[in-house]
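**Q** What follows is a single structure, and I will ask about it in a moment.
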Amino acid sequence: MGVSSKNHCVSHSVLILLLMFIHVYGSTGYNSTIFAGQSLNGNQKLTSPREVFEMGFFTPGNSLNYYIGIWYKKPGDKTVVWVANREQPVSDPSFSALELLENGNLTLLSESKTAIWSSNSKSNVSNSTIGMLLDSGNFVVRDALDSSLVIWQSFDHPTDTWLPGGKVGYNKLIHRPWRNPQNPAPGIFSFQLDQNERKNLLLWNGSKMYWTSGYWTGTIFSFVPEIQLNQYVTNVTYVSIKNESYFTYDATYSDALTRFMIDTTGQLKQYVRGKDFGRWNLYWMRPSEQCEVYAFCGSFSKCNLYDTPLCVCLEGFEPKRRNDWELGDHSDGCVRKTPLQCTSGGNDRFMTISNVRLPLNSESLEVRNGEECRLACLSNCSCIAYAHDDQCFTWKGNLLNIKQLTASERVGKYLYLRVAASDLTETKVVKRKTPWIVLVLVIVGLFSLLIVVAVFVKRRYFVGESEILEDSLVVFRSRDLKAATRNFSEKLGEGGFGSVFKGSLPPNSTAVAVKTLNSMNQGEKQFRTEVMTIGTIQHVNLVRLRGFCTEGSKRFLVYDYMPNGSLDSLLFQSSITVLDWRVRYQIAIGTAKGLCYLHEECRDCIIHCDVKPENILLDAEYNPKLADFGLAKLIGRDFSRVLTTMRGTRGYLAPEWISGEAITPKADVFSYGMLLFELISGRRNSELLEDEMEHYFPNRVSNSLQKGEDILALVDCRLEGNADIQELTTACKVACWCIQDYEKNRPSMSFVVQTLMGFAEISVFPVPMFIQRLRGRPLEAVNYYQPKSSGSG
């Protein structure tokens, strides 16, 4: 026994020494492991094996405090994903140390050698404990000889960031944001799994629920439809095992990095970027609007982002506290006007509420069809609403977070709300009126007449809205728009289809852009139909249509006003404002997202037909918004003639358009490619074509990429070479693919978005034949390579 024990101790020591040798002289050349008895201090760092993450002391922003943290190693991207001593900083890391004790406990010692933070972990195996920083961003303390014996890991104690492989659950698996950008102490918000055993993710503002992801269907969260389109980025999984339930996710594309974080304002955000290049791009965030804040409108009301007021009681309900409601406090919600009759033998009915996001806290029932779902709810007096869409959902108690959707949002459902039968009766029994009731009615009638007269007089002097159609699209009168624009005195721009003027609408002096339309051959009914379709289209990268006017031959469109104007004015004309590379790249991505929405996510595919800098407007934060989408249908048969003869537009038109062939969404892709070249060069392609052919920018880009020349030499000289080289290379390749002669060889806009955001590859491109013709050389034999994505067709 003694010999055996001795040999065991010797072999154990040899293994430890071997591990230390591999650790010091491993092939990576980076220190990713700390052994029992060792410590980190000063500028010492651990680096994950593939150099994805680093761990050590850091100081946030301009703070003088130091913390132990984990961050991305890429130069220029010290994005911190985990912090140990969030509330106990040190002032001098040279005299502080993070130690791994022999029992597996991590301890941070201050300058006075006092323990100010500890992992509170303990191992029964001494002298064989190691700590490793993994490429996942997880710091693991485990047994040196058995990797399955994990003593402690940072993934079980998250801060504000949820990384692939990490968990969101109960208790310790709660994420909390930083207090502010210079203080990583826990803020007031928290992110966790719903503790009522519903498969929801929740954001809390202190003790008050702030946002919910909606129920988990197995593939998506009901309130986060982006997850369904996330197949190129993440694969979310719900895990429920003994004593533990949590959500986790994997990064599905090996060349992309992604992370979720809760920022200091309580928003959950997902970011993505290429593994070896690029900046972090915001993929989605929640809550992104007031309608998504938990119970913002209270119970039994619906929230409509595009309506005023934002919150409206459901039909058959009224505000619980009317004074508070009218002051904008909707937290108490609405109550029934007429009690339900279920318990008193009455007959309740169901009122249909169409195209809404369903409320929270539903229960599912096993039924065969919608009628069985209705009867199941009707027979249960506590059931107040139901919905059926391949599955039966019922609700009890209060209905919360009903959101009215626009016609273009295809995720809307039908909700059937239980109401008293009398609320659905069109004619009610009229009792014999007593004289005093008649007197009251006469007085009320006279008072109402006075109000009508006053409103009529007021409307003679102030701009009024004539009619509000579905989805809050306003039908203006021409004299209203004349007053709003001060007789069309401030012109913002002019194009082949009319001029644009700045205006101001009461009562809050809301700035708008009023577009006059020429060349109109449509009748009023057809024009209204087409405008109504356009008005339902809502996307963050599309200019919102507020309303229109059609009187006789006059046609006007009223849009949101964009304070930074059109892209062409800043890109080509401004001598003061120079858009830096970061802004240009975000404009490229945002424009691509807008086109992708028009092509692939609207109920009917919409081809823009006129993608150019003049039709890309910039808001106060320089976010791009496509304008004039849908004009092809509004203008009718003259649209193509005007475009092909309009100065400054022909250079963006695809070859098939100019030749008179039928066009597809790939015509927009060609125009987008030409636009992308101009974002890079800062000059119009047509100007460069007027010089010698060698200066034609698409030709220069094609040549430089083929010859492997310095790509930074292509960028706008005003940027002085300040551009991300990988983003620039990607943008150049995408542009070259977009301008291929044959539309089948151009990528889809969804693939363009994926590529620019860094989670799709793009292969070698052929030289477009029209460029070869311009070079004056015979057409070269070209092998056409399709981009590596099913979305490229």
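According to mature numbering (1 follows the signal peptide of the UniProt record, and there is no 0), the sequence shown holds residues -26 to -1, 1 to 767 in order.
Even glycine gets a Cβ: it sits at the ideal position worked out from N, Cα and C.
1) In whole angstroms, give me the CA-to-CA distance for residue 345 and residue 338.
2) If we ignore side chains and look at the alpha-carbon of each, how far apart do residue 439 and residue 531 end up?
3) Answer yes or no: do residue 675 and residue 626 have a C-beta to C-beta separation smaller than 8 Å?
4) Measure the Cβ-Cβ separation of residue 536 and residue 592 and say whether it is below 8 Å.
5) Enumerate in chain order the residues of its own chain whose CB-to-CB distance from residue 66 is below 8 Å, with the five nearest sequence positions on each side excluded.
6) How many angstroms separate the CA atom of residue 685 from the CA atom of residue 561?
7) Does the Cβ of residue 561 lie closer than 7 Å to at least one heavy atom of the ligand NAP?
8) For residue 308 versus residue 291, is the C-beta distance shorter than 8 Å?
9) Have a look at the DSSP bridge pairing and note the partners of residue 106.
10) State the DSSP-derived secondary structure class of residue 432, mapped to helix, strand or coil.
11) Write down the C-beta distance between residue 464 and residue 476 rounded to the nearest angstrom, noting that I regard them as a contact closer than 8 Å.
12) Could you name the residues that DSSP lists as bridge partners for residue 362?
13) Measuring straight from C-alpha to C-alpha, what distance separates residue 376 and residue 669?
14) Have a look at 656, 544, 569, 157 and flag the residue whose alpha-carbon is nearest the alpha-carbon of residue 517.
15) In this structure, how does DSSP classify residue 460 when only helix, strand and coil are distinguished?
16) Express the C-alpha separation of residue 578 and residue 617 in angstroms, rounding to a whole number.
17) Here's a check: name, in chain order, each residue in its chain whose Cβ is nearer than 6 Å to the Cβ of residue 34, leaving out the five neighbours to either side.
18) Assuming residue 232 and residue 208 form a contact by the criterion Cβ under 8 Å, report the distance between their Cβ atoms to the nearest whole angstrom.
19) Between residue 107 and residue 167, how many whole angstroms is the CB-CB distance? I'm expecting something under 8 Å.
20) Which same chain residues end up closer than 7 Å to residue 162 when comparing Cβ atoms and leaving out the 5 residues on each side of it in sequence?
21) Could you pull the start and end residues of the alpha helix (DSSP H) that residue 681 belongs to?
22) Quick one, are the C-beta atoms of residue 92 and residue 74 less than 8 Å apart?
23) For the region 706 to 716 against the region 255 to 273, do three or more pairs of beta-carbon atoms, one drawn from each stretch, fall closer than 8 Å, so that the two count as touching?
24) Tell me whether residue 248 is buried or exposed, calling it buried when 16 or more other Cβ atoms sit within 10 Å of its Cβ.
25) Please name the residue, chosen from 691, 89, 704, 197, that lies closest to residue 679 on a Cα-to-Cα basis.
26) What does residue 392 pair with, by DSSP beta-bridge criteria?
27) Buried or exposed: where does residue 3 fall if 16 or more other Cβ atoms within 10 Å of its Cβ makes it buried?
28) Could you spell out where the beta strand (DSSP E) holding residue 158 opens and where it closes?
29) Does DSSP put residue 283 in a helix, a strand or coil?
30) Excluding five sequence neighbours on each side, which residues of the same chain lie with their C-beta closer than 8 Å to the C-beta of residue 312?
31) Quick check on residue 473: does DSSP put it in helix, strand or coil?
32) Can at least three beta-carbon pairs, one atom from the region 138 to 152 and one from the region 114 to 125, be found at a separation below 8 Å?
**A** So, from the listed chains and residues:
1) Rounded to the nearest whole angstrom, the C-alpha separation of residue 345 and residue 338 is 15 Å.
2) Bear in mind that the predicted position of residue 439 carries a pLDDT of just 43, short of 50, making it too unreliable to give a figure here.
3) Not closer than 8 Å, so no.
4) Their beta carbons are under 8 Å apart, which means residue 536 touches residue 592 by this criterion.
5) So the list reads 40, 85, once near-sequence residues are dropped.
6) Taking C-alpha positions only, residue 685 is separated from residue 561 by approximately 20 Å.
7) Judged by which ligands are present, the structure shown has none, so any question about the ligand NAP falls away.
8) Yes, Cβ-Cβ distance for residue 308 and residue 291 is below 8 Å.
9) Per DSSP, the beta-bridge partners of residue 106 are 7, 114.
10) In this predicted model, residue 432 has a pLDDT of only 42, less than 50, meaning its place in the structure is not dependable enough to derive any value.
11) About 4 Å separates the two Cβ atoms, so the contact holds.
12) DSSP lists 366 as partners of residue 362.
13) Distance between the alpha carbons of residue 376 and residue 669: 57 Å.
14) Measuring from the Cα of residue 517, the nearest candidate turns out to be 569.
15) Of the three classes helix, strand and coil, the one that applies to residue 460 here is coil, per DSSP.
16) The predicted position of residue 617 is uncertain, since its pLDDT is 47 and thus under 50; no value can be drawn from it.
17) 156.
18) Here residue 232 really is in contact with residue 208; their C-beta atoms are around 6 Å apart, less than 8 Å.
19) Not confirmed; about 27 Å, so no contact.
20) Only 179, 180 meet the Cβ criterion.
21) Where residue 681 is concerned, the enclosing alpha helix (DSSP H) starts and stops at 671 to 681.
22) Taking 8 Å as the cut-off, the Cβ atoms of residue 92 and residue 74 do not count as close.
23) Using a Cβ-Cβ distance cut-off of 8 Å, the region 706 to 716 and the region 255 to 273 are not in contact, since fewer than three pairs of beta carbons, one from each stretch, lie closer than that value.
24) A buried status is given to residue 248, since no fewer than 16 other beta-carbon atoms sit within 10 Å of its beta-carbon.
25) Taking only the C-alpha atoms, the option nearest residue 679 is 704.
26) BP columns for residue 392 point to 324.
27) With a pLDDT of only 43 at residue 3, under the threshold of 50, the placement of this residue in the model should not be trusted, and no figure is reported.
28) The continuous beta strand (DSSP E) containing residue 158 extends over residues 157 to 160.
29) Coil, per DSSP.
30) Correct list, in chain order: 290, 393, 394, 396, 397.
31) Strand.
32) Short answer: they don't touch.
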